[in-house]
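Novice: Letter by letter, the sequence shown follows residues 1 to 305 in UniProt numbering. To start, I am sharing the structure in question, which I have written as structure tokens.
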Amino acid sequence: MNFTLRQCSYLVALAQTGHFGHAADQVHVTQPALSTQIAQMEANLGGRLFERRRGRASLTPFGESILPLAQMILETAGRIEEIGQRGRSPLTGALRLGVIPTVAPYLLPSLLPLLADQHPDLELRLKEATTPVLRNDLEQGKVDMAIAALPFPDGPFRSRAVIRDRFLLASCASDGNAVDLPRHPTALEPERLLLLAEGHCLRDQALDVCSTDPGHRAADLEATSIATLLQMVACGLGVTLLPEMAVATEAANPNLRIAPFDEPQPERTIGLIWRTGSGRGQDAERLADHIAARPLPNLPVSPPA
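Quick look at the structure:
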């Protein structure tokens with residue numbers, strides 16, 4: 001009985017997508033090539049893995065019994081590859097890294113020069129995307145690792161926390177009521193809270209920290225970047241929660257007032273996430289070390305009222 005790791009990966013991709021064309025795109029082969037390999041695997045195993053209907057495919061009972069074993073084989077192969085990598089220098093070759101938009105502009109300017117200096121043979125390929133996109137890309141192998149807020153959506157992933165990032169209160173400095181703003185996020189008026197658009201994890205974190213029902217907000221005021229959000233705040237349209245790592249870059253506007261909350265101060269946790277069994281565990285740990293060792297700048301905030 002013969003079958004290959006490649007055939008196992010095709011089986012898993014087709015089971016995930018349920019479509020020959022989509023599975024072929026996911027594993028970067030043509031649809032006829034994928035169909036041929038699946039048929040050959042079925043012939044070697046002596047049973048039909050999929051029921052086919054006009055380009056679509058669903059697992060047969062036989063296929064359902066084979067799928068977890070194929071996944072286990074791929075995971076074991078990834079671990080073997082990871083052990084082999086320990087004999088070479090970490091962080092060399094191509095590395096596809098995804099980063100969420102509320103972290104990328106503030107982490108990468110200090111991280112990229114460090115990686116270029118200490119790991120000159122690393123070919124870093126960056127993608128900025130929201131958490132839902134990165135979750136799918138990570139599972140499908142389109143990126144090797146992702147930097148995002150924890151907890152990360154469920155999946156075959158491992159993660160390591162690398163940054164604790166405080167939330168600060170951003171308000172309009174010329175607003176006479178700014179000094180009277182509450183010092184606890186749950187006391188903020190929901191109708192004054194400005195947020196990023198749906199799909200950004202920072203939006204969900206702010207709603208959670210403030211214990212705010214999205215339906216009680218002014219839904220016609222949203223932004224797709226922290227920079228735009230702060231421009232709206234500076235114009236007196238409301239207040240927002242600002243990650244501490246963004247202050248040095250985004251809060252130079254003199255019409256912004258940045259103040260800490262009372263203890264316990266709200267925060268988010270940024271982590272590095274990678275696929276279980278991807279063979280990149282050693283690289284992930286080394287990259288996480290670099291990120292965790294990166295000091296945040298001394299960030300001035302407005303004094304408490």
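Positions of the beta carbon are idealized from the N, C-alpha and C atoms, including for glycine. All figures in this text were calculated on a predicted structure; none of them were measured in a lab.
Among V143, H22, V209, which residue has its Cα nearest to the Cα of L168?
Specialist: Here residue 168 refers to the residue found at position 168 when the sequence shown is read from its first residue. Nearest C-alpha to L168: V209.
Novice: From D137 to L91, what distance separates their C-alpha atoms?
Specialist: Working through the sequence shown from its first residue, we reach residue 137 at position 137. Working through the sequence shown from its first residue, we reach residue 91 at position 91. Cα to Cα, D137 sits roughly 20 Å from L91.
Novice: Can you tell me whether H119 is helix, strand or coil according to DSSP?
Specialist: Counting from one through the sequence shown, the residue named residue 119 turns up at place 119. Here H119 sits in coil by DSSP.
Novice: CB-CB under 6 Å to L241, same chain, minus the five flanking residues each way: which ones, in chain order?
Specialist: Translated into positions along the sequence shown, residue 241 becomes position 241. Closer than 6 Å at Cβ, skipping near neighbours: F167, A206.
Novice: How should T4 be labelled, buried or exposed, when 16 other C-beta atoms within 10 angstroms of its C-beta is the threshold for buried?
Specialist: As a working mapping, residue 4 is identified with position 4 in the sequence shown. Result: exposed.
Novice: What's the gap between the Cα of R280 and the Cα of L34?
Specialist: For the purposes of this step, residue 280 is taken as the residue at position 280 of the sequence shown. For the purposes of this step, residue 34 is taken as the residue at position 34 of the sequence shown. Their backbone Cα atoms lie some 26 Å apart in a straight line.
Novice: Drop a sphere of 10 angstroms on the beta-carbon of E250, count the other beta-carbons inside from all chains shown, and report buried for 16 or more, exposed for fewer.
Specialist: Translated into positions along the sequence shown, residue 250 becomes position 250. Counting Cβ neighbours within 10 Å, E250 comes out buried, since at least 16 surround it.
Novice: In the segment 49 to 90, which residue ranges form an unbroken beta strand (DSSP E) of at least 3 residues, counting only runs that do not cross its ends?
Specialist: 50 to 53, 56 to 59
Novice: Report yes if the CB atom of S174 is closer than 9 Å to the CB atom of N255, and no otherwise.
Specialist: Translated into positions along the sequence shown, residue 174 becomes position 174. Translated into positions along the sequence shown, residue 255 becomes position 255. In contact: S174 and N255 (Cβ atoms closer than 9 Å).
Novice: Given a threshold of 16 other Cβ atoms within 10 Å of its Cβ, counted over all protein chains shown, does E198 qualify as buried or as exposed?
Specialist: Start at 1 with the first residue of the sequence shown, and residue 198 comes out as number 198. Exposed.
Novice: Could you give the DSSP three-state label for I226: helix, strand or coil?
Specialist: Here residue 226 corresponds to residue number 226 of the sequence shown, with the count starting at 1. Helix.
Novice: Is DSSP giving A101 helix, strand or coil here?
Specialist: Within the sequence shown, the letter at position 101 stands for residue 101. It is worth fixing the name first, because residue 101 is Pro in this sequence and not Ala. In the structure shown, P101 sits in coil (DSSP, three-state: anything other than H, G, I, E or B).
Novice: How would you call P243, buried or exposed, if buried means at least 16 neighbouring beta carbons within 10 angstroms?
Specialist: Locating residue 243 in the sequence shown gives position 243, where the first residue counts as 1. Per the 10 Å Cβ criterion, buried.
Novice: If contact is defined by three or more beta carbon pairs under 8 Å, each pair taking one atom from either stretch, is the segment 6 to 18 in contact with the segment 51 to 66?
Specialist: yes
Novice: Within 8 Å, do at least three Cβ pairs link the segment 66 to 76 to the segment 97 to 115?
Specialist: no
Novice: Ends of the beta strand (DSSP E) at G271?
Specialist: Numbered from 1 along the sequence shown, position 271 holds the residue referred to as residue 271. Judged by DSSP secondary structure, G271 falls within the beta strand (DSSP E) whose first and last residues are 267 to 275.
Novice: Go through the segment 149 to 173 residue by residue and report every complete run of the alpha helix (DSSP H) that reaches 4 residues or more, in order.
Specialist: Runs found: none.
Novice: Less than 8 Å between the CB atoms is what I'm expecting for C172 and V233, so what's the real figure, rounded?
Specialist: Position 172 of the sequence shown, counted from the start, is the residue given in the question as residue 172. Position 233 of the sequence shown, counted from the start, is the residue given in the question as residue 233. With 8 Å as the limit, C172 and V233 qualify as a contact, their Cβ atoms being about 6 Å apart.
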